[in-house]
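Presented below is the structure to which this report refers.
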């Protein structure tokens with residue numbers, strides 16, 4: 012029996028999250044079904060992290076067991092088009108995708124009327140070790156919300172704001188809650204001092220609501236001791252599927268922009 016790690020990408024629109032749920036369409040559910048069609052009866056699938064309904068991924072990492080060698084292109088032949096495996100590694104028995112060195116998320120916000128300078132100042136406050144209780148939707152009794160943020164950056168890109176954050180781990184909805192707070196500062200509804208207070212829950216308790224899921228993508232999961240090999244054919248498949256999405260959503264974006272200009276919507 013061999014153990015493999017795959018990098019997978021998925022478009023989160025039509026999933027009830029990534030974690031397996033018996034009566035819902037999930038990423039793990041689709042992967043398990045695909046592996047079984049390849050003859051893997053008990054894959055013992057694990058993921059690096061959970062993503063909520065509507066959240067996307069480019070570099071999610073899964074692990075599974077198989078008696079036969081399986082390549083990403085083989086798995087893709089059994090997967091729906093909104094999930095694509097594109098890199099792989101044979102890993103040791105003790106490899107656990109959850110024990111990652113770090114995870115990288117990107118969030119895209121629409122709008123150009125933000126104070127980007129104020130948002131940058133807020134983002135700098137995130138770097139280091141903090142208690143993110145105020146940025147967590149719900150957590151188990153007695154569990155810690157202390158996390159280390161390795162890097163964080165925000166930039167304007169035409170009519171969009173791009174926020175990227177890397178940390179050792181993240182609590183439930185943490186990135187989306189941070190985005191909500193940063194947007195409040197960008198709209199000049201809140202101050203940097205308020206943001207600093209949120210990072211000190213012993214002094215200030217205020218639960219922040221999460222931003223919408225559709226702007227969030229799990230960009231990468233990093234490990235010290237795993238070297239992934241890209242499956243060129245599978246990667247080209249992924250690029251083609253991304254291009255199809257860009258064409259579709261770009262067309263819809265332009266269409267509704269024209270509606271707005273003409274007063275139809």
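Residue numbers (the working numbering): 12 to 276. No residue lacks a Cβ here, since even glycine has one placed at the ideal position from N, Cα and C. Since the model is a prediction, treat every value here as computed from it, not as a measurement.
Open item on the list: Given this structure, state the Cα-to-Cα distance separating residue 80 from residue 31, to the nearest angstrom.
Closed with: 24 angstroms
Open item on the list: List, from N- to C-terminal side, the alpha helix (DSSP H) runs of 4 residues or more that fit wholly inside the segment 71-136.
Closed with: 83-87
- [ ] Could you round the C-beta distance between residue 279 and residue 196 to whole angstroms and report it? I think they count as a contact, below 8 angstroms.
- [x] Past the edges of the chain, shown from 12 to 276, lies residue 279, and the structure says nothing about it.
- [ ] Within 10 angstroms of the Cβ of residue 248, are there 16 or more other Cβ atoms? Answer buried if so, exposed if not.
- [x] buried
Open item on the list: Quick check on residue 259: buried or exposed, where buried means 16 or more other Cβ atoms within 10 Å of its Cβ?
Closed with: exposed
Open item on the list: With distance defined between alpha-carbon atoms, name the residue in 54, 252 and 69 nearest to residue 76.
Closed with: 54
Task: Terminal residues of the beta strand (DSSP E) in which residue 219 lies - done: Careful: residue 219 lies outside any beta strand (DSSP E) and carries neither H nor E.
TODO: With a threshold of 16 other CB atoms inside 10 Å of the CB of residue 114, please say whether the residue is buried or exposed.
DONE: buried
Task: Cβ-based burial, residue 68 [other Cβ within 10 Å; buried from 16] - done: buried
Open item on the list: Need the endpoints of the beta strand (DSSP E) that residue 148 sits in, please.
Closed with: From DSSP, residue 148 is part of no beta strand (DSSP E); its letter is neither H nor E.
- [ ] Return the CA-CA distance between residue 194 and residue 139, expressed in angstroms with no decimal places.
- [x] 21 angstroms
Open item on the list: Taking the straight line between their C-alpha atoms, what separation do you get for residue 73 and residue 158?
Closed with: 22 angstroms
Task: Closest by C-alpha distance to residue 278, when choosing among 14, 256 and 207 - done: The structure shown does not extend to residue 278, since the chain is modelled only from 12 to 276, so the question has no answer here.
Open item on the list: Tell me whether the segment 227-236 and the segment 58-68 touch, counting them as touching only if at least three CB pairs, one residue from each stretch, are closer than 8 angstroms.
Closed with: yes
TODO: Inspect the CB distances between the segment 249-257 and the segment 178-195 and report whether three or more fall short of 8 angstroms.
DONE: no
Task: Exposure of residue 12, with buried meaning 16 or more beta-carbon neighbours within 10 Å - done: exposed
- [ ] Report the partner residues of residue 18 according to the DSSP bridge assignment.
- [x] 72 and 98
Task: Neighbourhood of residue 220 by C-beta, 8 angstroms cutoff - its chain only, sequence neighbours within 5 removed - done: 188 and 191
Task: Host alpha helix (DSSP H) of residue 249 (start-end) - done: 243-273
TODO: State the Cα-Cα distance for the pair residue 212 and residue 24, rounded to the nearest angstrom.
DONE: 33 angstroms
Task: For residue 145, the nearest candidate out of 200, 222 and 156 (CA to CA) - done: 156
Open item on the list: Please report the straight-line C-alpha distance between residue 136 and residue 208, rounded to a whole angstrom.
Closed with: 11 angstroms
Task: Residue burial classification, residue 206 (beta-carbon count within 10 angstroms, cutoff 16) - done: buried
Task: For residue 141: DSSP bridge partner residues - done: 158
Open item on the list: Just list the residues that DSSP pairs residue 171 with in beta bridges.
Closed with: 121 and 168
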